[in-house]
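Novice:
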Amino acid sequence: MADILVYIELVSGQPTQASLDLLSGARDLAGTSGRVTALAVEDDSAVDTAKLGAADRIVLVSGDAKGYTGERHLAALSEAIERDKPGIVLIANSYVGLDISTSVAARVGQPLLAYCVALALGDDTLRATCQIYGGKLEADVECNLPAIAAVNPGVFQASETRGAGEIVQAAAPVFTARTMVQSTSSASDTGVDITASDLLVCVGRGVGDEDGVALAQELADALGAELVASRPVVDQGWVEKSRQVGKSGKTVKPKLYLAVGVSGAPEHLEGMRDAGLIIAVNTDANAPIFDAAHFGTRCDVLEFLPLLTEKLQGAIA
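Counting from 1, position 195 in the sequence shown corresponds to residue 449 in my numbering; the numbering is continuous, with no gaps.
1. Taking 6 Å as the limit between beta carbons, can you name the residues of its chain near L512, skipping five residues before and five after?
2. To the nearest angstrom, how far is the alpha carbon of T551 from that of G515?
3. With H, G and I counted as helix, E and B as strand and the rest as coil, what does DSSP make of P365?
4. Grab the span of the beta strand (DSSP E) containing I335 for me, first residue to last.
5. If we count the other Cβ atoms within 10 Å of its Cβ and call it buried at 16 or more, is I335 buried or exposed?
6. Suppose the cutoff is 6 Å on Cβ atoms and the five residues either side in sequence are ignored; what does the same chain contact list for S266 look like?
7. Just to confirm, is the Cβ distance from L510 to G530 under 8 Å?
8. Three or more beta-carbon pairs under 8 Å between the stretch 501 to 510 and the stretch 355 to 368, yes or no?
9. Could you spell out where the beta strand (DSSP E) holding E480 opens and where it closes?
10. Output the boundary residues of the beta strand (DSSP E) element that contains E392.
11. Just to confirm, are V290 and V260 a CB contact at a threshold of 8 Å?
12. Residues bridged to E564 by DSSP?
13. Please report how far the alpha carbon of L344 lies from the alpha carbon of L523, in whole angstroms.
14. Given a threshold of 16 other Cβ atoms within 10 Å of its Cβ, counted over all protein chains shown, does L559 qualify as buried or as exposed?
15. Who are K504's beta bridge partners in DSSP?
16. Can you tell which of L561, K565, S517 and G458 has the C-alpha that lies nearest to the C-alpha of A546?
17. Based on Cα-Cα distance, which residue from Y322, T286 and R311 lies nearest to E296?
18. In terms of residues, what are the limits of the beta strand (DSSP E) holding A346?
19. Name the one or two DSSP bridge partners that F549 has.
20. Short of 7 Å in beta carbon distance, which residues of its chain neighbour A401, apart from the five on each side in sequence? Order them along the chain.
21. Helix, strand or coil for V446, going by three-state DSSP, please let me know.
22. What does a CB cutoff of less than 7 Å around F410 pick up in its chain, not counting 5 residues either side in sequence?
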């Protein structure tokens with residue numbers, strides 16, 4: 255089995271859910287004979303290493319930089335690859351992962367498999383199923399090791415881990431800084447990670463206006479779900495950007511995805527097609543969302559939402 259290096263993305267010292275999922279996936283791929291190393295580039299917060307127990311070895315790259323800069327993370331990850339020579343490098347396909355994965359592959363001269371939705375090891379090869387053409391098609395590809403894979407969120411699920419493995423402190427990399435973080439600001443949202451939610455209610459342009467969004471929020475509350483949205487709704491300012499699902503938003507893999515008033519553009523389907531159960535509500539019988547849905551209805555969403563909410567609240571009571 256190949257040794258695997260997992261790049262851990264941090265937010266104020268906390269590993270992102272996508273990184274934790276990827277670490278568990280690496281553990282399964284490596285088996286009992288392969289070693290899994292987690293690499294985290296420190297910022298100005300202490301790294302929560304207790305959550306990285308799936309790794310045999312944790313490498314913390316020191317430094318005092320505040321905020322993410324691609325050059326620093328690129329240098330740290332490239333140095334680790336050249337030093338440790340892992341067979342596989344796994345990077346979550348987040349905004350940060352998209353920023354550095356191609357540059358890392360070019361710098362170390364290794365193939366990059368991007369937008370992976372499935373991974374498997376062969377004899378000295380890595381096999382992957384990758385989304386192409388904006389998620390409209392999937393391609394089965396295979397390349398020789400060593401290789402780098404950028405994996406979509408939700409492909410793996412984090413599992414219970416043992417205590418943290420060996421922790422190694424690495425010196426900050428030497429690099430040329432071309433960018434500098436002047437300031438940071440927090441989003442107006444509550445900070446909920448929609449990629450970690452098992453239940454999602456998604457609103458599309460078909461809900462009509464903010465009153466329609468409010469009805470969907472009431473349903474989400476009754477279900478114990480998180481409210482998410484397609485891009486047109488976010489562009490209208492009705493829902494926060496951090497809750498957008500799709501190519502220009504986040505990729506999710508909940509157990510239930512209830513899409514109300516969502517037409518199902520390819521860019522949106524790319525972010526949710528792997529949900530366990532997809533239910534679509536749309537008056538347009540030709541809406542592409544029905545091609546991806548397990549169940550669907552052509553009910554008026556503004557009639558459907560309060561009725562289902564009432565039924566759920568009655569059942570709970």
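Cβ atoms here follow ideal geometry from the backbone N, Cα and C, with glycine treated the same way.
Model, not experiment: these values are computed from the prediction.
Specialist: Well, looking at it:
1. V455 and I533
2. 11 Å
3. coil
4. Unbroken run through I335 is the alpha helix (DSSP H), G324 to D338; no beta strand (DSSP E).
5. buried
6. S299
7. yes
8. no
9. E480 to A483
10. L391 to N398
11. yes
12. DSSP lists no partner for E564.
13. 24 Å
14. buried
15. V499
16. S517
17. Y322
18. I342 to A346
19. I533
20. I342, Q364, P365, L367 and L380
21. coil
22. D275, L276, S278 and G279
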